[in-house]
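Colleague:
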Amino acid sequence: MSTSAKTFPIWAFFSLLTNGILMLAVILLIWQQQKLAAFFGIVTSPEQINLNNSTQIATPDLGRRHQLTYQEWVEILKQEAKVAADQRPPHLTILAGDSLSLWFPPELLPEGKTWLNQGISGETSNGLLNRLKIFDRTQPEVIFVMIGINDLIRGMSNEEILDNQRQIINYLRKTHPTAQIVVQSILPHGAEEASWKGRDKLLAVANSRIQELNQQLQSISTKKGVKYLDLYPLFTNKQGNLRREFTTDGLHLSPEGYIVWRSALQIYGEIELKSQQEEDGKRLKVKG
19 MSTSAKTFPI
29 WAFFSLLTNG
39 ILMLAVILLI
49 WQQQKLAAFF
59 GIVTSPEQIN
69 LNNSTQIATP
79 DLGRRHQLTY
89 QEWVEILKQE
99 AKVAADQRPP
109 HLTILAGDSL
119 SLWFPPELLP
129 EGKTWLNQGI
139 SGETSNGLLN
149 RLKIFDRTQP
159 EVIFVMIGIN
169 DLIRGMSNEE
179 ILDNQRQIIN
189 YLRKTHPTAQ
199 IVVQSILPHG
209 AEEASWKGRD
219 KLLAVANSRI
229 QELNQQLQSI
239 STKKGVKYLD
249 LYPLFTNKQG
259 NLRREFTTDG
269 LHLSPEGYIV
279 WRSALQIYGE
289 IELKSQQEED
299 GKRLKVKG
């Protein structure tokens, strides 16, 4: 056996295997995007999307959502989390992050779960860390976290971002010990094809830097004992940039982009999360 084989971490092998299967499965679904879009009747503008989930947890009337202030968003998320905590819906799954999570069309989220969306437009890792307590009283099965692109746009260092990510993971593990925590990779941007209003700041962040940050984030997730879902390769073109058909402006996702994300969540849930839940259940029976 070679020296490199002896030193190759076993966790890295299984991580590569899982994400490799995931990537292959999602790629096979990409060609069906247009059919899926027509089938689901995807909403194409944020103002048309309602924050409902599969069990119809009551949510406040958001009105002109895109004009809400950050604090107004926080208050809305507090109300939604309170409803979830009081009602204890089955299979509660939380999306925590920024606008990419926020604008996830509810009708595209995988079925069989109650989804609580805790995303805020423009959110940073520090902002998310400071508001995690909002859903302390909920009892989620899974918490998906995607955060970091706004930190990069605002000029934060990798060290600052990763430190906040560590604190987010630590907090969630302590507060929700029975939940499966899944850290998702930061997505690429459209580079020169981007038309987002903050294009100059976006272009100052190289996609190669995002890749490096994701590698460090994966390592941290593994050391902390949480899951890591590598979405990055599913969204890139040959140049390593966000694929044009998956974005509306080089930063935010198009309906087709959300279909890819949905497929990844669904497949990952079946391959990784479901098997982990079954193993946990077996261990509990043995202890009993």
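Residues 19 to 306 in the numbering used here are what the sequence shown lists, from first letter to last.
Where is the CB? At the ideal position from N, CA and C, for every residue including glycine.
Where does the unbroken beta strand (DSSP E) through Gly137 begin, and where does it stop?
Modeller: Walking along the sequence shown from the start, residue 137 turns up at place 119. Start and end: Thr132 to Gly137.
Colleague: Quick one, which of Arg227, Arg184, Arg106 and Gln89 has its alpha-carbon nearest Val201's?
Modeller: Taking the sequence shown and counting its residues from 1, the one referred to as residue 201 is at position 183. Nearest option by C-alpha distance: Arg184.
Colleague: For Ile28 and Ile199, I'd like the C-alpha separation in whole angstroms.
Modeller: As a working note, residue 28 is residue 10 in the sequence shown. As a working note, residue 199 is residue 181 in the sequence shown. Because the pLDDT at Ile28 is just 46, under 50, the model does not fix this residue reliably, and the value given afterwards should be weighed accordingly. Taking the straight line joining both Cα atoms gives about 20 Å.
Colleague: Relative to the C-alpha of Pro124, which candidate in Ile277, Ile285, Gly287 and Tyr286 has its C-alpha closest?
Modeller: As a first step, residue 124 must be located in the sequence shown, where it is residue number 106. Selected option, being the one with the closest Cα: Ile277.
Colleague: Rounded to whole angstroms, what's the CA-CA distance from Lys245 to Ile289? Just pull it up for me.
Modeller: By one-based count along the sequence shown, residue 245 stands at place 227. By one-based count along the sequence shown, residue 289 stands at place 271. The alpha-carbon atoms of Lys245 and Ile289 are separated by roughly 12 Å.
Colleague: Buried or exposed, going by whether 16 or more other CB atoms sit within 10 Å of the CB of Gln136?
Modeller: Here residue 136 refers to the residue found at position 118 when the sequence shown is read from its first residue. Counting Cβ neighbours within 10 Å, Gln136 comes out buried, since at least 16 surround it.
Colleague: Is Pro206 closer than 9 Å to Asn225 when the C-beta atoms are compared?
Modeller: Translated into positions along the sequence shown, residue 225 becomes position 207. Translated into positions along the sequence shown, residue 206 becomes position 188. Taking 9 Å as the Cβ cut-off, Asn225 and Pro206 qualify as a contacting pair.
Colleague: Quick one: what does DSSP say Ile171 is sitting in, helix, strand or coil?
Modeller: In the sequence shown, residue 171 corresponds to position 153, counting from 1. Helix at Ile171.
Colleague: Note the first and the last residue of the continuous alpha helix (DSSP H) segment covering Tyr276.
Modeller: One-based indexing of the sequence shown puts residue 276 at position 258. Here the alpha helix (DSSP H) through Tyr276 covers Pro273 to Tyr286.
Colleague: According to the Cβ coordinates, are Ala209 and Gly166 closer than 9 Å?
Modeller: In the sequence shown, the residue the question calls residue 209 occupies position 191. In the sequence shown, the residue the question calls residue 166 occupies position 148. Against a cut-off of 9 Å, the Cβ pair of Gly166 and Ala209 comes out as no contact.
Colleague: Please name the residue in Lys151, Pro128, His270 and Pro108 whose C-alpha comes closest to that of Glu93.
Modeller: Residue 93 sits at position 75 when you count from the first residue of the sequence shown. Checking every option, the nearest Cα to that of Glu93 belongs to Lys151.
Colleague: For Asp154, tell me which candidate among Leu127, Leu134 and Ser139 has the shortest Cα-Cα distance.
Modeller: On the sequence shown, position 136 is the one that residue 154 refers to. Of Leu127, Leu134 and Ser139, the residue nearest in Cα terms is Leu134.
Colleague: Can the beta-carbon of Tyr189 be found less than 9 Å from the beta-carbon of Ile138?
Modeller: Position 171 of the sequence shown, counted from the start, is the residue given in the question as residue 189. Position 120 of the sequence shown, counted from the start, is the residue given in the question as residue 138. In this structure, Ile138 does not lie closer than 9 Å to Tyr189 by Cβ.
Colleague: Among Lys242, Leu235, Lys241 and Arg191, which has the Cα closest to the Cα of Leu249?
Modeller: Residue mapping note: residue 249 aligns to position 231 of the sequence shown, counting from 1. For Leu249, the nearest C-alpha among the options comes from Leu235.
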